[in-house]
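A.B. asks: Dropping the structure in here first, questions after.
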Amino acid sequence: MTTPKNDELLFCALGGSGEIGMNVNLYGHAGRWLMVDCGITFADPAYPGIDVILPDLAFIEDRRDALAGIVITHGHEDHIGALPYLAEDLGVPIYASPFAAGLIRGKLEEEGNASRVTLRVVQPGERFEVGPFAVTMVELAHSIPQPNALLVETKSGRVFHTGDWKLDPDPVIGKPSSAEALTAIGDKGVDVLVCDSTNVFNLEASGSESSVRRGLAETIAKARGRVVVTTFASNAARLQTLADVAAETGRKLCVTGRSLDRIIRVAKACGYFKNFPEPLDPEAAMRLPRNKLLVVATGGQGEPRAALARIAEGTHPIALESGDTVIFSSKQIPGNEVAIGRIQNILASRGVEMVTERQAHVHVSGHPGRPELAQMYKWIRPTTLLPVHGEMRHLMEQARFSLAEGIERTLVQTDGTLVRLAPGPAEKIGHVEVGRLVLDGDVILPADGTTINERRKLALNGQISVAIARRGGKLVGSPQVRVNGVPVEEDRATFIEEAAEAAAEVMRQPPRDTDKLREALRLAVRRTATRWTGKKPVVDVLLIDA
1 MTTPKNDELL FCALGGSGEI GMNVNLYGHA GRWLMVDCGI TFADPAYPGI
51 DVILPDLAFI EDRRDALAGI VITHGHEDHI GALPYLAEDL GVPIYASPFA
101 AGLIRGKLEE EGNASRVTLR VVQPGERFEV GPFAVTMVEL AHSIPQPNAL
151 LVETKSGRVF HTGDWKLDPD PVIGKPSSAE ALTAIGDKGV DVLVCDSTNV
201 FNLEASGSES SVRRGLAETI AKARGRVVVT TFASNAARLQ TLADVAAETG
251 RKLCVTGRSL DRIIRVAKAC GYFKNFPEPL DPEAAMRLPR NKLLVVATGG
301 QGEPRAALAR IAEGTHPIAL ESGDTVIFSS KQIPGNEVAI GRIQNILASR
351 GVEMVTERQA HVHVSGHPGR PELAQMYKWI RPTTLLPVHG EMRHLMEQAR
401 FSLAEGIERT LVQTDGTLVR LAPGPAEKIG HVEVGRLVLD GDVILPADGT
451 TINERRKLAL NGQISVAIAR RGGKLVGSPQ VRVNGVPVEE DRATFIEEAA
501 EAAAEVMRQP PRDTDKLREA LRLAVRRTAT RWTGKKPVVD VLLIDA
């Protein structure tokens, strides 16, 4: 089942179906596989000490000789973020638009493997071949330059893979979607539409990027002091809008955040930002009158090391005070509410005024609402819809919505589901290995492996170390106990005495077998901790022969 036949077209998501983020999709035909995107997702508290989660590509790594290449739809982290860590081992070319390629190249250079990964630049609208797959980049609109849908053609069928998209008649940067071009694709027949599901619950269209300018200009014009706007770094159109609004409202522009610097550099290299002003550095910006400064900062999702967090905490060269304004020109990504709320509370305590999309028109989404989905269905007219890029509730809702809009068939799959798209009606034919990896420092580990499970236990219960010196099997001196993260703050010394006495009691009649002795000591100390705290800490035992 996992070797595509010459007359069939397969599909399998290794990430991004049943979740938002970490998008990896495979198409199989004539013995070969094509990968579309290779992204990351960001960790939550279930992964202590972890910032980045990667897809487990074991399935395709075991078949790397059959992998023809990787095609990238656009340059967002959830579509390209895993490439610096995983692409070299896959050993195949990466095909990307100039803007996405610029971002990927920078990431590969930072990781030190740019010379060992082949990166091929493909222009929007270009048709190219990757093994038995003919792929055409079809430029749509999204919250980043040069987002592309992919028309994937094989001898067995034609697939229109949307990537992330919206309909925007005036996108500020880039071209609006072409109704004529999309209709022409539909006229030739599309077997399967693989479609973004993120905003399927939105009853209205997402709105044009150009419409945000007025809301931002009105909000910034009313501000009395310094203004900080935080937005997604990759939204180059929003950066251009903010530069224009700064000039319109008589403010100088300061940009702070490494990812913003990277986006500006790549955008200029791709021919955008021709009239973009040279931003002030933070030190020069702080010398301006407060009502003459507009700062664009990273960190709108509550990232603790981003510029906005450091500004809020007073550890950044940009300082805010009572009467200043922070505008959140972005949407809260589900799961980030607590982190964002923490920063907003710090800002509020300083008397900083805050504006979000709930108070003013300062943001539009980059994903399609129901009217846009319905329009895409009418243009492409697929036989079958395959929802992707969403949690299960999003996938199921788009399936229901598309049927109501006249799509003939839908198939809801999740990560690991192997689907035969052609010949015949799309159907599930099996399941392949999927999972998550974590980037822990410079090391890639299984997300639910020994290291992370041990760290979870430490985070939940704390840790106790017990050192025992013995001679001839008898205790020498007293057991030494050290406690980390166990809730015994008020009477720590007494607890340590009792834990040491529990260990000493075991040593009065110690088992002869060393492993049994170590286990008896561990259980005795843990029972003491459980009696005191109700917790079961990790207990490490060190035996020293004196």
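In this note's numbering, the protein residues as written are 1 to 546. All C-beta atoms, glycine included, are put in the ideal place defined by N, C-alpha and C. Small disclaimer: the values here were computed from a predicted structure and weren't measured.
With distance defined between alpha-carbon atoms, name the residue in I468, V476, A467 and L460 nearest to P487.
C.D. replies: Checked all of I468, V476, A467 and L460; the closest Cα to P487 is L460.
A.B. asks: Determine whether the beta carbon atoms of A306 and L293 lie at a separation below 9 Å.
C.D. replies: Taking 9 Å as the Cβ cut-off, A306 and L293 do not qualify as a contacting pair.
A.B. asks: Just to confirm the assignment, what range does the beta strand (DSSP E) spanning K428 have?
C.D. replies: Start and end: E427 to H431.
A.B. asks: Can you tell me which of the three DSSP states A149 falls into?
C.D. replies: In the structure shown, A149 sits in a strand (DSSP, three-state: E or B).
A.B. asks: DSSP state of F11, grouped into three classes?
C.D. replies: Strand at F11.
A.B. asks: In terms of DSSP beta bridges, what is G390 paired with?
C.D. replies: The partner list for G390 (beta bridge, DSSP) reads S17 and E19.
A.B. asks: Mark S329 as exposed unless 16 or more other C-beta atoms lie within 10 angstroms of its C-beta, in which case mark it buried.
C.D. replies: Looking at its Cβ environment, which holds 16 or more other Cβ atoms inside 10 Å, S329 is buried.
A.B. asks: Considering only DSSP beta bridges, list what F128 is partnered with.
C.D. replies: Paired residues: V135.
A.B. asks: Count Cβ pairs between the stretch 271-288 and the stretch 330-350 that sit closer than 8 Å; are there 3 or more?
C.D. replies: With the cut-off at 8 Å, the stretch 271-288 and the stretch 330-350 do not touch.
A.B. asks: Do you know how far the Cα of G91 is from the Cα of I429?
C.D. replies: So the alpha carbons of these two residues sit roughly 28 Å apart.
A.B. asks: Suppose the cutoff is 6 Å on Cβ atoms and the five residues either side in sequence are ignored; what does the same chain contact list for D540 look like?
C.D. replies: Only S465 meet the Cβ criterion.
A.B. asks: Taking A312 and L288 to be in contact with their CB atoms under 8 Å, please state how far apart those CB atoms are, rounded to whole angstroms.
C.D. replies: Not confirmed; about 20 Å, so no contact.
A.B. asks: Classify H564 as helix, strand or coil using the three-state DSSP reduction.
C.D. replies: Because the chain here runs from 1 to 546, residue 564 falls outside it and cannot be looked at.
A.B. asks: Mapping DSSP to helix, strand and coil, what is Q480?
C.D. replies: In this structure, Q480 counts as strand in the three-state DSSP scheme.
A.B. asks: Compare the Cα-Cα distances from T205 to each of V255, A243, E109 and L373 and report the closest residue.
C.D. replies: What sits at residue 205 in the sequence shown is Ala, not Thr. Closest by alpha carbon: L373.
A.B. asks: So, are the CB atoms of N363 and I20 less than 9 Å apart?
C.D. replies: According to the sequence shown, residue 363 is His rather than Asn. In this structure, I20 does not lie closer than 9 Å to H363 by Cβ.
A.B. asks: Just tell me which of V326, V194 and E353 has its CA closest to the CA of L411.
C.D. replies: Checked all of V326, V194 and E353; the closest Cα to L411 is V194.
A.B. asks: Taking C-alpha atoms, which residue in F99, I104 and H74 lies nearest to L86?
C.D. replies: Closest option to L86, Cα to Cα, is I104.
A.B. asks: Output the boundary residues of the beta strand (DSSP E) element that contains L203.
C.D. replies: Run containing L203: none; DSSP gives neither H nor E here.
A.B. asks: Considering only residues of the same chain and omitting the five flanking positions on each side of I340, which have a CB-CB separation below 7 Å?
C.D. replies: Within the same chain, I340 has close Cβ partners Q301, G302 and Q332.
A.B. asks: Please give the ranges of any beta strand (DSSP E) in the stretch 53-117, keeping only runs that are unbroken, at least 3 residues long and fully inside the region.
C.D. replies: Counting whole runs of 3 or more residues, the stretch 53-117 contains the beta strand (DSSP E) stretches 67-71 and 94-96.
A.B. asks: Residues in the same chain with beta-carbon distance under 7 Å from V130, minus the five sequence neighbours each way, listed in chain order, please.
C.D. replies: L34, A68, G69, V71 and Y95.
A.B. asks: Can R238 and T231 be called in contact, C-beta distance under 9 Å?
C.D. replies: For R238 and T231, yes; Cβs fall inside 9 Å.
A.B. asks: Pick helix, strand or coil for P446, following the three-state DSSP scheme.
C.D. replies: P446 falls in the strand class under three-state DSSP.
A.B. asks: Can you tell me which of the three DSSP states S143 falls into?
C.D. replies: DSSP places S143 in coil when its eight states are reduced to three.
A.B. asks: Using DSSP bridges, identify the partner residues of E353.
C.D. replies: DSSP, once it has assigned bridges, lists T325 as partnering E353.
A.B. asks: Check for me: the alpha helix (DSSP H) holding Q375 runs from which residue to which?
C.D. replies: Note, Q375: alpha helix (DSSP H), R370 to I380.
A.B. asks: Report all residues from its chain with a CB closer than 7 Å to the CB of R456; omit the five preceding and five following residues, and keep chain order.
C.D. replies: Closer than 7 Å at Cβ, skipping near neighbours: P48.
A.B. asks: What is the C-beta distance between L521 and V538, in whole angstroms, given that I count them as a contact (C-beta under 8 Å)?
C.D. replies: L521 to V538, Cβ: 14 Å. No contact.
A.B. asks: For G351, which residues in the same chain have their Cβ closer than 6 Å to its Cβ, ignoring the five residues on either side in sequence?
C.D. replies: Around G351: S322.
A.B. asks: My parser needs the beta strand (DSSP E) runs of 3 or more residues fully inside the stretch 248-276; what are they?
C.D. replies: Listed in chain order, the complete beta strand (DSSP E) runs (minimum 3 residues) inside the stretch 248-276 are 252-256.
A.B. asks: Could you give the C-beta distance for M22 and I50, rounded to a whole number, given that I count them as a contact under 8 Å?
C.D. replies: No, M22 and I50 are not in contact; Cβ-Cβ is about 13 Å, not under 8 Å.
A.B. asks: Would you mind giving the Cβ-Cβ distance between V567 and T450, rounded to the nearest angstrom? I have them listed as a contact below 8 Å.
C.D. replies: Past the boundaries of the shown model lies residue 567; the chain is included only from 1 to 546, so the question cannot be answered.
A.B. asks: Helix, strand or coil: how does DSSP classify A179 here?
C.D. replies: Reduced to three states, the DSSP call for A179 is helix.
A.B. asks: Just reading off the beta strand (DSSP E) that I468 is part of, what are its end residues?
C.D. replies: Where I468 is concerned, the enclosing beta strand (DSSP E) stretches over Q463 to R471.
A.B. asks: If you reduce the DSSP assignment to three classes, tell me which class A236 lands in.
C.D. replies: DSSP places A236 in helix when its eight states are reduced to three.
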